[in-house]
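Going by my numbering, the sequence shown opens with residue 6, and the numbers climb by one from there.
To start, the structure itself, in structure tokens.
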Amino acid sequence: MKITFLGASSEVGRSSVLVQTERKRILLDFGVMLDHDIRFPSYVSPKDVDQIVLTHAHLDHSGAIPVLFIRREIPLMTTKLTSELANVLIADFIKVSGYYLPFETLEIDRMLQSTVHCGLGRTVQLDGVEITLLDAGHIPGSAQIYLESGGERLLYTGDINTTQTRLIRPAETNYPDVDYAIMESTYATVEHTERSLLEKQFTERAREVVEGGGTVLVPAFGVGRSQEIVCVLYKNGFPHPVCIDGMAERVGKILHGNLDQLADPELYRRAMGNAHRINNWKERKQAISRPGVIVSPAGMLKGGPASFYSEKISQVPRNAIFLVSYQIPGTPGRLLLEKNVLAVRGRLLKVNARVENYDFSSHCGKKELHGVLKELSRRATRKVFIVHGEHESSLALAEAAKQDFGLEAEIPEVGREYAL
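Next up, the structure:
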């Protein structure tokens, strides 16, 4: 077995790994980088790919896949829910992108026609290769990929979260034997706040702002984070209006059709039923003129209705913007967090509203990542490749793997082929 990393080394974005066995060339994810510009993984010819396996719908893992369908159709395996969510996210990516993209909706249609759904925990035989999807606990429908061929066993965690949330169950870490692992490191240097305490702090601060006559904007990823925030507010007894806008509302309907994938279907039904759906510009203007909470994509303020809301809400001192999603360097959300300014139509706008950051992560923190390493060390894992993190985070996790768990670990080079 040979593996080649096409991106996501010392960076968060462009996740993609090419796995070559004796008979098959399998691509694990093919995502884009969404910072200053849109960047794609290293080139791979569609003719050199026999199978694609997708861990989850986020664009940094799925967004480049349609490129492979411009002149060819390739079998794609993923969960049913990931397929539905990826369709929404990639179609929206085309719609809102300010950059030229080398594909259109035709390629999305080809991708969907070539997709085969695989349930979590199910093993698929593929010409001498066994592929099993394991729950990743990251967003609804997300999976880890366990691949076995010729006696070699490879685990690709994708994005992973071993903490229970209000929306989904934690990741599966009771792994079979693993020879090699490819593991994310997004928050390898961060200890996450205990979830119940974080929920309480978030709800109390939102209540303070609203009861002071203000409006709280919560820019949140349309898939998973927006719906989780609605559930958190409902579960913690938030008594004021909660509005949900944009893709968050569309994704909410998809999740209603996949309630078996959620941690607490009844909580989800009640919380989303209690939230007001914003359907047009008139309702958006009404929402910012009265106290309440608005949950809206994009989580990094890079497009989506949250861009409109942030410009208006940021100018009033009694209002607040609560960031609840990871902010990639170079995005408007990261700029707001670090400089307290908004990038609006080519100019920087000083923010008068309160800006607060809440660590509602869908990734493992330091302690949880070390827990995964511990599980791998129990399975005689020979080597761990550390990806999907800024360099300092990946380096810290690689050192922990070596020093604390006796594992060989490496931050891979993009474009280099590794023989396992």
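Built from N, CA and C at the ideal position, the CB exists for glycine as well.
Residues bridged to Gln130 [DSSP beta-bridge criterion]: Mapped onto the sequence shown, residue 130 falls at position 125. According to DSSP, which records beta bridges pairwise, Gln130 is partnered with Glu135.
Could you name the residues of the same chain whose beta carbon sits closer than 6 Å to that of Asp114, not counting the 5 residues immediately before and after it, in chain order? Residue numbering aside, residue 114 sits at position 109 when the sequence shown is read from its first letter. Result list for Asp114: empty, nothing under 6 Å.
With a threshold of 8 Å on Cβ separation, who are the neighbours of Ile259 within its own chain once the five nearest residues in sequence on each side are excluded? Indexing the sequence shown from 1 puts residue 259 at position 254. If we look at Ile259 and ignore the five residues flanking it on each side, its Cβ neighbours are Leu86, Glu89, Leu90 and Val93.
Helix or strand or just coil, what does DSSP make of Asp114? Here residue 114 is taken as the residue at index 109 of the sequence shown, counted from 1. In the structure shown, Asp114 sits in a helix (DSSP, three-state: H, G or I).
Would you mind working out which of Leu73, Ala148 and Thr128 sits nearest Leu111, comparing C-alpha positions? Here the question's residue 111 lines up with position 106 in the sequence shown. The candidate whose alpha carbon is nearest that of Leu111 is Leu73.
With the cut-off set at 9 Å, would you say Arg28 and Asp184 are in Cβ contact? Within the sequence shown, residue 28 is the residue found at index 23, counting from 1. Within the sequence shown, residue 184 is the residue found at index 179, counting from 1. Going by beta carbons, Arg28 and Asp184 fall outside the 9 Å limit.
Ignore the nearest five residues each way along the sequence and tell me which others in Leu267's own chain have a CB closer than 7 Å to its CB. As a position in the sequence shown, residue 267 is number 262, starting the count at 1. Closer than 7 Å at Cβ, skipping near neighbours: Pro145, Leu172, Ile173, Leu260 and Tyr273.
Runs of 4 residues minimum, wholly inside the region 348–415: which ones carry the alpha helix (DSSP H) assignment? With a minimum length of 4 residues, the continuous alpha helix (DSSP H) runs that stay inside the region 348–415 are 371–382 and 396–410.
Looking only at C-alpha atoms, which of Trp286, Lys307 and Ala62 sits nearest to Gly229? For the purposes of this step, residue 229 is identified with residue 224 of the sequence shown, where counting begins at 1. When each option's Cα is compared against that of Gly229, the closest is Ala62.
Identify every run of the beta strand (DSSP E) within the region 262–309, keeping only runs that are complete inside it and at least 3 residues long; order them along the chain. You should have 297–301.
Going by DSSP, what residues sit across from Val247 in a beta bridge? Residue 247 sits at position 242 when you count from the first residue of the sequence shown. DSSP, once it has assigned bridges, lists Val298 as partnering Val247.
Looking only at C-alpha atoms, which of Gly18, Ser119, Ser231 and Glu135 sits nearest to Thr170? Position 165 of the sequence shown, counting from 1, holds the residue named residue 170. Measuring from the Cα of Thr170, the nearest candidate turns out to be Ser231.
Could you name the residues of the same chain whose beta carbon sits closer than 7 Å to that of Glu422, not counting the 5 residues immediately before and after it, in chain order? On the sequence shown, residue 422 is found 417 positions in, with the first residue counted as 1. Excluding sequence neighbours, Glu422 sits near Lys7 and Thr9.
Within 10 angstroms of its Cβ, does Glu199 collect 16 or more other Cβ (buried), or is it exposed? Walking along the sequence shown from the start, residue 199 turns up at place 194. Classification for Glu199: exposed.
So, under 8 Å CB-CB, Glu361 and Ala325 are touching, yes? Tell me the CB distance rounded to an integer number of Å. Locating residue 361 in the sequence shown gives position 356, where the first residue counts as 1. Locating residue 325 in the sequence shown gives position 320, where the first residue counts as 1. Beta-carbon to beta-carbon, Glu361 and Ala325 are separated by about 7 Å, close enough to satisfy the 8 Å threshold.
Is it true that the CB of Leu64 sits closer than 9 Å to the CB of Ile95? Taking the first residue of the sequence shown as position 1, residue 95 is located at position 90. Taking the first residue of the sequence shown as position 1, residue 64 is located at position 59. Contact flag set, yes.
Beta-carbon within less than 7 Å of Pro270's beta-carbon, same chain only, minus the 5 sequence neighbours each way: which residues are those? By one-based count along the sequence shown, residue 270 stands at place 265. Excluding sequence neighbours, Pro270 sits near Leu264.
Once the 5 residues before and after Thr128 are set aside, which same chain residues still bring their CB inside 6 Å of it? Residue numbering aside, residue 128 sits at position 123 when the sequence shown is read from its first letter. Answer for Thr128: Glu135 and Thr137, listed in chain order.
CB contact flag (Val298, Val215, <9 Å): Here residue 298 refers to the residue found at position 293 of the sequence shown. Here residue 215 refers to the residue found at position 210 of the sequence shown. Yes, the Cβ-Cβ distance between Val298 and Val215 is below 9 Å.
If you reduce the DSSP assignment to three classes, tell me which class Leu159 lands in. Taking the first residue of the sequence shown as position 1, residue 159 is located at position 154. Shown here, Leu159 sits in a strand according to DSSP, grouped into three states.
Is it buried or exposed for Asp97, if we count other Cβ within 10 angstroms and need 16 for buried? Reading the sequence shown from its first residue, position 92 is the one you call residue 97. It is buried - the Cβ of Asp97 has at least 16 other Cβ atoms within 10 Å.
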